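Note sheet for the following structure.
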Amino acid sequence: MFTAHAFRFVLAIGLLTFLTACDQLPISFSDTPTPTLTATRAPSTPTVPPPLVAFPTALPTLTPAATMTLDARASLTAPVAQIVSPQNNSPLSVNQTAHVVVYAADDQGIARIELFADNVLIKTEHAPSISAQVFSAMIPWTPAQTGTSVLRALAYDLTNRASAADEITVNIVADARKPSATIVYPIGTPQIDLGDLVPIHAIATDEAGVIQIELWVDNQLYTHTLAANAPGQAQLATIFYWHALAPGSHTLIVRARDAHDQTTDSPSLKVLVGATRAPTLTLAFDRTTALPNEPITATITALDASGIARVELLNGKEIIAAIPSAFPAKQTALTAQIVWQNANPGDYQLSARAISAHNLAKDAPAQTITILRAGQTAPVAALATATRVRTPRATITPRTQPPPPPSAEIAQPANNFSSAQNVRAIFSGKGNAELERIELWGYTHGQPNPQVICSLDARAATQKTGQCDWSPPSAGVVYLYAQAIDIYRQIGKSPVIAGYIGAPTFATAGPTPAPLAGRWSGSVSNAQYALTPRVIGTAVRGELKVSTIESEGKIMSGSIRGDRITFHVDFAPATVTTPSAPITTTLTAPTANISAFDFDCGVDLIAGILNCAFKDSRGRSGSVILKRE
Numbered sequence: 165m166f167t168a169h170a171f172r173f174v175l176a177i178g179l180l181t182f183l184t185a186c187d188q189l190p191i192s193f194s195d196t197p198t199p200t201l202t203a204t205r206a207p208s209t210p211t212v213p214p215p216l217v218a219f220p221t222a223l224p225t226l227t228p229a230a231t232m233t234l235d236a237r238a239s240l241t242a243p244v245a246q247i248v249s250p251q252n253n254s255p256l257s258v259n260q261t262a263h264v265v266v267y268a269a270d271d272q273g274i275a276r277i278e279l280f281a282d283n284v285l286i287k288t289e290h291a292p293s294i295s296a297q298v299f300s301a302m303i304p305w306t307p308a309q310t311g312t313s314v315l316r317a318l319a320y321d322l323t324n325r326a327s328a329a330d331e332i333t334v335n336i337v338a339d340a341r342k343p344s345a346t347i348v349y350p351i352g353t354p355q356i357d358l359g360d361l362v363p364i365h366a367i368a369t370d371e372a373g374v375i376q377i378e379l380w381v382d383n384q385l386y387t388h389t390l391a392a393n394a395p396g397q398a399q400l401a402t403i404f405y406w407h408a409l410a411p412g413s414h415t416l417i418v419r420a421r422d423a424h425d426q427t428t429d430s431p432s433l434k435v436l437v438g439a440t441r442a443p444t445l446t447l448a449f450d451r452t453t454a455l456p457n458e459p460i461t462a463t464i465t466a467l468d469a470s471g472i473a474r475v476e477l478l479n480g481k482e483i484i485a486a487i488p489s490a491f492p493a494k495q496t497a498l499t500a501q502i503v504w505q506n507a508n509p510g511d512y513q514l515s516a517r518a519i520s521a522h523n524l525a526k527d528a529p530a531q532t533i534t535i536l537r538a539g540q541t542a543p544v545a546a547l548a549t550a551t552r553v554r555t556p557r558a559t560i561t562p563r564t565q566p567p568p569p570p571s572a573e574i575a576q577p578a579n580n581f582s583s584a585q586n587v588r589a590i591f592s593g594k595g596n597a598e599l600e601r602i603e604l605w606g607y608t609h610g611q612p613n614p615q616v617i618c619s620l621d622a623r624a625a626t627q628k629t630g631q632c633d634w635s636p637p638s639a640g641v642v643y644l645y646a647q648a649i650d651i652y653r654q655i656g657k658s659p660v661i662a663g664y665i666g667a668p669t670f671a672t673a674g675p676t677p678a679p680l681a682g683r684w685s686g687s688v689s690n691a692q693y694a695l696t697p698r699v700i701g702t703a704v705r706g707e708l709k710v711s712t713i714e715s716e717g718k719i720m721s722g723s724i725r726g727d728r729i730t731f732h733v734d735f736a737p738a739t740v741t742t743p744s745a746p747i748t749t750t751l752t753a754p755t756a757n758i759s760a761f762d763f764d765c766g767v768d769l770i771a772g773i774l775n776c777a778f779k780d781s782r783g784r785s786g787s788v789i790l791k792r793e
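Listed below in structure tokens is the structure:
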């Protein structure tokens with residue numbers, strides 16, 4: 165027993181000694197190269213140290229191995245793609261551009277995003293940086309037909325590994341989006357004074373294109389503006405100017421109209437019009453130059469919510485005329501016409517003044533009126549210097565062209581018309597395609613925005629005629645034009661005509677003018693005269709008919725002073741119907757080639773006659789006695 169245990173102990177000691185000695189023996193490799201590992205991001209290739217074996221055995225023969233390259237950026241997971249907008253089953257409008265927002269993410273970086281519509285590639289968006297772990301793209305897409313479409317998005321990482329597809333279904337309808345309209349300025353509830361001109365800043369947007377933006381005041385169309393491009397604009401901004409001519413609270417909205425004839429109204433704007441300052445006053449003259457003793461008509465318009473007491477015309481500091489109101493507390497608007505003339509040549513500073521019922525005064529800026537000397541002519545404005553115009557570049561002709569635009573005209577009144585207080589206009593439109601509507605527009609002198617007087621539905625006819633009455637807010641020079649709009653949104657505009665609106669009858673503290681209403685007639689050796697005057701305060705208007713001239717003369721200006729009446733008559737070009745006697749020193753009958761006359765008549769109401777002397781535009785004179793019929 166002892167011998168066996170002793171033998172095992174000695175054997176263990178010997179084996180331990182042998183292993184210790186073998187562990188210190190170095191093994192060298194002389195024939196076979198050692199394989200190396202190469203990392204792509206390491207600056208150098210490290211060499212693996214030779215291994216040590218614990219027992220003497222034959223070394224295996226190793227064949228040279230190729231160098232291995234490892235990509236540290238390789239990802240074990242695929243990228244993720246998601247369509248953020250629009251939502252699934254969302255409605256989109258046909259032929260309107262929608263923006264599809266796609267989100268992609270990968271732990272090592274996104275290379276690109278692809279968007280498909282019904283398996284057709286719409287666009288590929290590349291990431292701006294190879295290290296972008298998160299990338300989003302907004303891709304525009306315009307569906308061309310109605311129905312259901314499937315949008316699919318894919319994302320690719322740096323190794324060109326694709327994500328799982330994210331799909332949504334959208335419904336393409338005829339038109340799902342209405343335009344938007346906003347009044348940008350003013351804000352809140354502004355308070356303004358009567359007669360103020362208020363700027364209204366408006367903006368409208370629509371993906372289909374805004375073709376028109378309108379301003380409505382108290383549920384009535386006030387004015388509108390059109391887009392510069394026929395298909396419309398994605399954004400249309402404009403500034404309307406509203407003339408506050410009535411006191412109280414007013415509601416303003418802006419209405420946007422898109423290419424599909426859809427409309428949207430902006431939130432309403434409340435405007436309070438009151439009288440917190442002096443009256444509003446305007447002064448206009450029918451002309452600023454005249455010969456000695458030629459009448460010049462001044463039109464004064466005063467506005468005040470508290471009422472107008474009177475208006476005055478001044479020459480420097482001298483009051484020429486004063487027109488009081490019969491009911492100052494109730495008359496918030498007063499328009500007066502005053503005829504002024506002077507025999508002395510020179511320059512005169514004429515101004516106007518308005519006094520409210522609260523005794524607040526407002527003066528209009530003085531204007532220079534020139535009385536010409538003998539042989540002096542009125543100054544003529546210098547012509548603008550012509551500038552070189554660059555030849556326009558050729559443009560691509562559209563594939564399809566609409567027919568020529570429509571035309572519009574005003575049949576009544578004629579150009580240079582005059583009316584007592586309102587205007588009745590007959591206008592028409594004619595189109596090469598179906599007409600949508602015809603419109604009558606008007607504006608006063610100095611008004612920045614024309615005003616829609618009336619709009620008539622053409623009911624798809626190619627010709628349309630309409631009639632509208634217009635009462636301008638104040639007397640003076642007014643302008644009219646007509647428009648015709650066809651189904652292609654093309655606009656035809658008539659020439660602008662001008663006219664004069666007389667002031668309404670107002671109370672006056674001066675002497676009562678002579679009753680001249682009716683028809684007055686008289687004759688000389690070779691001509692008959694027929695005068696039909698109309699008296700407006702101290703101003704005179706009306707018509708004069710002379711047998712030797714076909715056209716009827718219009719009294720463009722005139723006045724009554726005591727027992728005398730003076731007026732200026734203009735004739736349109738006409739032909740001679742009756743031979744006139746040879747011209748002598750004194751002209752006894754006007755001839756057809758004379759276009760203007762100045763009359764000065766003495767009034768004898770007891771005898772019922774007007775003893776008139778006249779002078780033509782050539783300086784020749786004549787006389788006639790007119791009797792009341």
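If you use the numbering used here, the sequence shown corresponds to residues 165 to 793, in order.
Just so you know, even glycine gets a beta-carbon here, dropped at the ideal spot from N, CA and C.
Note that this is a predicted model, so its numbers are computed, not measured.
With fewer than 16 other beta carbons inside 10 angstroms of its own, Asn252 counts as exposed. Asn259 and Gly373 have their C-alpha atoms some 11 Å from each other. Across the structure, Thr312 and Ala326 are spaced so that their CA atoms are roughly 26 Å apart.
Between Pro566 and Gln654, the C-beta spacing is below 8 Å.
As far as DSSP is concerned, Gln426 takes part in no beta bridge. Its Cα nearest to that of Pro637, the residue His407 stands out among Pro488, His407, Ile364 and Gln272. With respect to the 8 Å criterion, Val688 and Pro697 are not classified as neighbours on the basis of their beta carbons.
Residues Trp684, Leu708 and Leu790 of the same chain have their beta carbon placed closer than 6 Å to that of Leu695, with the five preceding and five following residues left out of the count. A direct Cα-to-Cα measurement between Thr389 and Gly595 gives close to 21 Å.
In the pairwise beta carbon analysis, the segment 410-424 is classified as not touching the segment 615-628: fewer than three pairs are separated by under 8 Å.
Apart from the 5 residues on each side of it in sequence, Ala301 sits with its Cβ closer than 6 Å to the Cβ of Val266, Ile277 and Glu289 in its chain, given in chain order. Rounded to whole angstroms, the gap between the alpha carbons of Thr444 and Gly412 is 16 Å. Around the Cβ of Thr541, a 10 Å sphere holds fewer than 16 other Cβ atoms; the residue is exposed.
In this structure, the beta-carbon distance from Ala317 to Ala269 does not fall below 8 Å.
In the pairwise beta carbon analysis, the segment 443-459 is classified as touching the segment 511-520: at least three pairs are separated by under 8 Å. Of all C-beta pairs linking the segment 723-737 to the segment 454-463, three or more are shorter than 8 Å, placing the two stretches in contact. Excluding the 5 residues flanking it on each side, Gln631 has same chain C-beta neighbours closer than 6 Å at Ile590, in chain order. In the three-state reduction of the DSSP assignment, Asp330 falls in the strand class.
For Asn523, no beta strand (DSSP E) segment is defined, and its DSSP state is neither H nor E. Pairing Thr369 with Thr428, the inter-Cα distance amounts to about 10 Å.
For Ser470, DSSP records no beta bridge to any residue. Comparing C-alpha distances from Ala401 to each of Thr346, Gln355, Thr415 and Leu644 shows the shortest one belongs to Thr346. The beta carbons of Leu285 and Val264 sit no closer together than 8 Å. The C-alpha of Ala662 is placed about 25 Å away from the C-alpha of Phe763. No Cβ-Cβ contact shorter than 8 Å links Gly606 with Pro612.
The three-state reading of DSSP puts Gly610 in coil, since its state is none of H, G, I, E or B.
Contact annotation: Thr306 and Val337 have beta-carbon atoms that are not nearer than 8 Å.
Cβ contact annotation for Arg601 (same chain, cutoff 7 Å, sequence separation greater than five): Ser619, Leu620, Asp621, Ala622 and Ile649, in chain order. C-alpha of Ile367 to C-alpha of Ala525: approximately 39 Å in a straight line.
Per DSSP, reduced to three states, the secondary structure at Ile377 is strand. Straight across, the Cα-Cα distance linking Arg792 with Val381 is about 49 Å.
Ile535 places its beta carbon less than 8 Å from that of Asn508.
For Arg421, the three-state secondary structure derived from DSSP is strand.
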